[in-house]
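Asker: Just passing along the structure, written as structure tokens.
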Amino acid sequence: MSVTSVRRAGLAASAAALAVLLSACGGSGDGTEDGRTAQAGKSASAAAAPARTLTAAELEKAALTQADVKSGKVVTKVPAVDDIAQDKVETDKPECAPLSYLQVGSYVGKPAADVKRSWTGDPKKPAAGASQEEAMLSVVDRPKVVLTLASYDGDEAAKAFGELKAAASACAGGFSFTVGGDTTEIVKVSTTAAPEGADEAIALTWLIDAEEGVKAPVKGVVVRKGATLAYVPAVNIASAATGKDFPFPTELVEAQLAKLG
């Protein structure tokens, strides 16, 4: 996994620092048939009445700002390097394309409007007596996110979410994608506990085949509220170098859901 693939996993990083590091190292029914039938009826009713499509201006108001988060830094003007279009992404398995779009900080389908934000967690101070390598790892041991809000017409939001769920199942054994000549190899895709408070939600962890035999975790959450999807991929550069797990910044999803209402 190269520096470019880490950055295009949705998030900018220090190329020099990373190079050194890499070289150094659903509400449910009551359980009865009637309960399942009632729940299915509710889902069908919700699908039959799509929510209103938000305009670009409304998405801009709904997107996170610095005032909405308790930690880290929000950037409202995402740099071009983190604004990757679908047509720049090539996937070896077409059914896995939705996961590729999520990982690079894009969206699934064709939304009517979208806005982006980037967020970087607060840096950590190296422990007393830390080695140079440990100190460098500490500096980059923080999550980085490119958050995309996308609003869809009709039932397209539910369809896009369905494509993501299908991809998570079909591509569990791995796939690869290429952006600008830089290929990322994913060896495993797994689902984890999804956040509450959305109409639909999915949480994913990818394991990327990194350098030196490291299997590096990259994470992503997608939530749907009405006709709007929030795509929240996260990477931690220290984890990319060491393969160690890192906590997903759930506060971002909670804050975004609160603003979507």
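Position one of the sequence shown corresponds to residue 976 (the numbering used here), numbered consecutively onward. Note that beta-carbon positions come from the ideal geometry of N, C-alpha and C, so glycine has one too.
Would you give the residue range spanned by the beta strand (DSSP E) that Ile1177 belongs to?
Answerer: Numbered from 1 along the sequence shown, position 202 holds the residue referred to as residue 1177. Per DSSP, Ile1177 belongs to the beta strand (DSSP E) from 1175-1184.
Asker: Quick one: what does DSSP say Ile1212 is sitting in, helix, strand or coil?
Answerer: Here the question's residue 1212 lines up with position 237 in the sequence shown. The answer is helix: DSSP assigns Ile1212 an H, G or I state.
Asker: Per the DSSP calculation, Ala1191 is bridged to which residue(s)?
Answerer: Position 216 of the sequence shown, counted from the first residue, corresponds to residue 1191. Looking at the DSSP assignment, Ala1191 forms a beta bridge with Ile1183.
Asker: In or out: Ser1075 buried (at least 16 other Cβ within 10 Å) or exposed?
Answerer: Stepping through the sequence shown from its first residue, residue 1075 is reached at position 100. Buried: at least 16 other Cβ atoms inside 10 Å.
Asker: Any contact of the region 1099-1115 with the region 1193-1206, i.e. 3+ C-beta pairs under 8 Å?
Answerer: At 8 Å Cβ cutoff, the stretches do not touch.
Asker: Which term fits Ala1230, buried or exposed, when burial requires 16 or more other beta carbons within 10 angstroms of its beta carbon?
Answerer: Within the sequence shown, residue 1230 is the residue found at index 255, counting from 1. Counting Cβ neighbours within 10 Å, Ala1230 comes out buried, since at least 16 surround it.
Asker: With DSSP collapsed to three states, give me the class of Phe1136.
Answerer: Residue 1136 sits at position 161 when you count from the first residue of the sequence shown. Reduced to three states, the DSSP call for Phe1136 is helix.
Asker: For the beta strand (DSSP E) holding Val1121, just list the boundary residues, first then last.
Answerer: Residue numbering aside, residue 1121 sits at position 146 when the sequence shown is read from its first letter. Segment 1118-1126, the beta strand (DSSP E) holding Val1121.
Asker: Tell me Phe1152's beta-bridge partners as DSSP assigns them.
Answerer: Translated into the one-based positions of the sequence shown, residue 1152 becomes position 177. Partner(s): Thr1066, Thr1159.
Asker: Quick check on DSSP: helix, strand or coil for Leu1039?
Answerer: As a first step, residue 1039 must be located in the sequence shown, where it is residue number 64. Coil, per DSSP.
Asker: Kindly identify the DSSP beta-bridge partner or partners of Arg1092.
Answerer: Walking along the sequence shown from the start, residue 1092 turns up at place 117. Its beta-bridge partners are Leu1122.
Asker: DSSP three-state label for Thr1166, please.
Answerer: Here the question's residue 1166 lines up with position 191 in the sequence shown. Thr1166 falls in the strand class under three-state DSSP.
Asker: Could you name the residues that DSSP lists as bridge partners for Val1049?
Answerer: Position 74 of the sequence shown, counted from the start, is the residue given in the question as residue 1049. According to DSSP, which records beta bridges pairwise, Val1049 is partnered with Trp1094.
Asker: Distance, Cα to Cα, Gln1041 vs Thr1095?
Answerer: Position 66 of the sequence shown holds residue 1041. Position 120 of the sequence shown holds residue 1095. So the alpha carbons of these two residues sit roughly 11 Å apart.
Asker: Note the first and the last residue of the continuous alpha helix (DSSP H) segment covering Ser1075.
Answerer: The sequence position of residue 1075 within the sequence shown is 100, counting from 1. Here the alpha helix (DSSP H) through Ser1075 covers 1072-1078.
Asker: Less than 8 Å between the CB atoms is what I'm expecting for Val1049 and Leu1034, so what's the real figure, rounded?
Answerer: Within the sequence shown, residue 1049 is the residue found at index 74, counting from 1. Within the sequence shown, residue 1034 is the residue found at index 59, counting from 1. Contact doesn't hold; Cβ gap of about 15 Å is too wide.
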